[in-house]
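Student:
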Amino acid sequence: MTEPIIADQSVRHRSIRDGRVWLAVGLGTGLSPFAPGTFGTILGLPLVWGLSSLGVIGLWLIPVTILLFAVGVPICSSGAKHFERKDPPWVVFDEIAAFPILYILSPFTITTAILGFIIFRFFDILKPWPIKRFEKLAGGVGIMIDDTIAAVHSMIVLKIILMIIASGYVVS
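Residue numbers (full-length UniProt numbering): 1 to 172.
1) For the alpha helix (DSSP H) containing P130, name the first residue and the last one.
2) List in chain order: all unbroken alpha helix (DSSP H) runs of 4+ residues lying wholly within the UniProt domain "YutG/PgpA" (22 to 161).
3) Do the CB positions of L140 and I96 come within less than 9 Å of each other?
4) Just to confirm my understanding: we take V157, look at its own chain, exclude 5 residues before and 5 after, and list those with CB closer than 6 Å. What are they?
5) Would DSSP call G19 helix, strand or coil?
6) Given I164, which residues of its chain have a CB within under 7 Å of its CB, disregarding the five upstream and five downstream residues?
7) Looking only at its own chain, which residues have a Cβ that is under 7 Å from the Cβ of I143, when we skip the five neighbours before and after it?
8) Please classify S167 as buried or exposed, where buried requires at least 16 other C-beta atoms within 10 Å of its C-beta.
9) Under the rule that 16 or more other beta-carbon atoms within 10 Å means buried, what is I136, buried or exposed?
10) Express the C-alpha separation of P100 and I62 in angstroms, rounding to a whole number.
11) What distance in whole Å lies between the Cβ atoms of I125 and D146, which are believed to be in contact at a cut-off of 8 Å?
12) Work out the CA separation of Y169 and L67 for me, nearest whole Å.
13) For V48, which residues of its own chain have a beta-carbon under 7 Å away from its beta-carbon, when the five flanking residues on both sides are left out?
14) Quick check on the burial criterion: 16 or more other C-beta atoms within 10 angstroms. Buried or exposed for G50?
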């Protein structure tokens, strides 16, 4: 279960001197007073755009996401330790690292960027089964895994939507 944002926001304003914590809060995007996960996910857009510009597309995104997950575990653990919470809402590296997963099966275009962003936020916020079960895991793994699974679900839904659009089948 996601911990509620506490009324006293002083913990959010702690000085960040550790580079890992700075990465955990998405270079500051996660410190937004509202919807920090959404603001953090925004950093996933230029990340995927940059990767696609370098030719890292499709299945080539798999090793990239594995690497991002591996470095994300200690980064998110540092953020949780810094803020003294199991899964602080300000730690958004998990959203950023998971976002490229959506484009393993789909091209990155302006249309898929918008659709993918909306679908990913849906799964990340609502955490339908089985996503919610994984956020109970402790530490950086627990912080990273639920977003990774939300991204896999989003990848599948995005691909299905694109296949329906490509087929010309529209429900009327």
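The beta-carbon is built from N, C-alpha and C at its ideal position, and this holds for glycine as well.
Tutor: Based on what the coordinates show:
1) By one-based count along the sequence shown, residue 130 stands at place 130. From DSSP, P130 is part of no alpha helix (DSSP H); its letter is neither H nor E.
2) Taken in chain order, the whole alpha helix (DSSP H) runs of length 4 or more contained in the UniProt domain "YutG/PgpA" (22 to 161) are 36 to 42, 44 to 53, 61 to 83, 93 to 98, 110 to 126 and 131 to 134.
3) Taking the first residue of the sequence shown as 1, we reach residue 140 at position 140. Taking the first residue of the sequence shown as 1, we reach residue 96 at position 96. Per the sequence shown, residue 140 should be read as Gly rather than Leu. Taking 9 Å as the Cβ cut-off, G140 and I96 do not qualify as a contacting pair.
4) As a first step, residue 157 is located in the sequence shown; it is residue number 157 there, counting from the start. In chain order, I119 place their CB closer than 6 Å to the CB of V157, counting only its own chain and leaving out the 5 sequence neighbours on each side.
5) On the sequence shown, position 19 is the one that residue 19 refers to. Three-state result, G19: helix.
6) Locating residue 164 in the sequence shown gives position 164, counting from the first residue. Closer than 7 Å at the Cβ level, and outside the excluded window around I164, lies no residue.
7) Sequence index remark: in the sequence shown, residue 143 carries index 143 (1-based). Cβ neighbours of I143 within its own chain (closer than 7 Å, five residues either side excluded): C76, A80, D87, V91 and D94.
8) As a first step, residue 167 must be located in the sequence shown, where it is residue number 167. Answer is exposed; the Cβ neighbour count stays below 16.
9) Taking the first residue of the sequence shown as 1, we reach residue 136 at position 136. The residue you asked about is not Ile; residue 136 is Lys in the sequence shown. Counting the other Cβ atoms within 10 Å of the Cβ of K136 gives fewer than 16, which makes it exposed.
10) In the sequence shown, the residue the question calls residue 62 occupies position 62. In the sequence shown, the residue the question calls residue 100 occupies position 100. Between I62 and P100, the C-alpha separation is close to 9 Å.
11) For this step, residue 146 is matched to residue 146 along the sequence shown. For this step, residue 125 is matched to residue 125 along the sequence shown. Contact doesn't hold; Cβ gap of about 11 Å is too wide.
12) On the sequence shown, position 67 is the one that residue 67 refers to. On the sequence shown, position 169 is the one that residue 169 refers to. Cα to Cα, the separation comes out at about 38 Å.
13) Residue numbering aside, residue 48 sits at position 48 when the sequence shown is read from its first letter. Same-chain partners within the cutoff: F99, P100, Y103 and F108.
14) As a working note, residue 50 is residue 50 in the sequence shown. Exposed, by the Cβ-count rule.
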